[in-house]
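Just so we're aligned: 160 in the working numbering is position 170 of the sequence shown, and the numbers increase by one with no gaps anywhere.
For each residue, glycine too, the CB sits at the ideal point set by N, CA and C.
Below: the structure, in structure tokens.
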Amino acid sequence: MPKAAKNSKFSRISRRLAAADPLPLKSERLGAQSQQEELTEGSENLSRGQRKRLAKREQYKKREKIILSSLRLKSLEEKKGINGLDSIREALIRSTKDRVQGALEPRAQMTNKSKRKLVSEEVHHMGLVLQHPSFKANPFETMQEHLRNTLAQQKAELELKAKECSSQEKVQRELKRMQKKERLQGVKKIKKKYNATRSKY
């Protein structure tokens, strides 16, 4: 036995009047009702089951948008503070800035008094070098030995600085690698959650 349809004269007239009404509802309080009316106006020819399926589909889309937006917000928060590594990154940046600024800072200009003092010290030092017996015996050999000693010391200092720089670069590379890994894991989690919610419906 087929379903009995309610086809009264009053409902037909009210539908015609609702379709011909030129004033849409703009009130915020009636906003949800107007959306529901829009759904029913566009779906007058749909059966009850089709209308239910359409409403369920709209509800699913709305829920999916809410879930995706919340997941995006979570991923943004995770990017901001990656498990406490944010403070380490800031410290590294600060230390490198300090080092660069220290290297770029202009040295204090020499005054005439300091220049005279330096010249007098160098003259005194040069007099001591000239009086040294090894310099008197073989000046070129003595200068070569002096250069080897000073350059070896400078070389050791430069190697130490290079090791420090390489260790800092290594830490920065490791930090970048961990950040990339966290981002990829976050994307995988979002995709997994999205696919799980999508497969339910």
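Next item on the list: Along the alpha helix (DSSP H) that carries Q121, what are the first and last residues, could you check?
Entry: The residue given as residue 121 occupies position 131 in the sequence shown. That run of the alpha helix (DSSP H) goes 102 to 121.
Check: With a CB to CB cut of under 7 angstroms and the five nearest residues on each side skipped, what residues in its chain are close to M100?
Finding: Mapped onto the sequence shown, residue 100 falls at position 110. Nothing listed; no residue qualifies.
Next item on the list: Could you tell me whether the Cβ atoms of L165 and R62 are closer together than 7 angstroms?
Entry: Position 175 of the sequence shown, counted from the first residue, corresponds to residue 165. Position 72 of the sequence shown, counted from the first residue, corresponds to residue 62. Not a contact, by the Cβ cut-off of 7 angstroms.
Margin query: Assuming A45 is part of the alpha helix (DSSP H), what are its boundary residues?
Written below: In the sequence shown, the residue the question calls residue 45 occupies position 55. Here the alpha helix (DSSP H) through A45 covers 38 to 70.
Checklist line | Inter-residue spacing [alpha-carbon to alpha-carbon] between A45 and L174 | finding: What you label residue 45 is simply residue 55 of the sequence shown in a count that begins at 1. What you label residue 174 is simply residue 184 of the sequence shown in a count that begins at 1. So the two alpha carbons sit approximately 36 angstroms from each other.
Notebook entry, point to check: In terms of alpha-carbon separation, which member of M133, K64, Q158 lies closest to T86?
Noted result: To locate residue 86, count along the sequence shown from 1; it is residue 96. Across the set M133, K64, Q158, the C-alpha of Q158 shows the shortest separation from the C-alpha of T86.
Check: From this set, S189, E154, E131, which residue's C-alpha is nearest L82's C-alpha?
Finding: As a first step, residue 82 is located in the sequence shown; it is residue number 92 there, counting from the start. Taking the Cα of L82 as reference, the smallest distance to any Cα among S189, E154, E131 is reached at E154.
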